[in-house]
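Note that the working numbering has the sequence shown beginning at 3, numbered continuously upward. We treat Cβ as the ideally placed atom computed from N, Cα and C, and that holds for glycine. Please read all numbers here as calculations on a predicted model, not as lab measurements.
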Amino acid sequence: MEAGGGDAAAEAMFAELGLAVHQFNLLAHEKFYTKVAAAS
3 MEAGGGDAAA
13 EAMFAELGLA
23 VHQFNLLAHE
33 KFYTKVAAAS
């Protein structure tokens, strides 16, 4: 992909994959990482 060897369909699929991985990372962080309670 970086060398420009992919066609438009492959580039679109790679972009969708990147977004899906990003969304997964956000969801995993929200569900599995410890949240710090706000001090009052």
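Supposed contact pair residue j and residue i - C-beta distance, whole angstroms, cut 8 Å
| i | j | result |
| --- | --- | --- |
| G7 | F16 | Incorrect: roughly 12 Å between the Cβ atoms, too far for contact. |
Span of the alpha helix (DSSP H), counted from its first residue to its last, around residue i
| i | result |
| --- | --- |
| A14 | A10 to F34 |
Through-space distance from residue j to residue i, alpha-carbon basis
| i | j | result |
| --- | --- | --- |
| L19 | E32 | 20 Å |
| F26 | Y35 | 13 Å |
| A10 | K37 | 41 Å |
| A14 | A39 | 40 Å |
| A30 | A12 | 27 Å |
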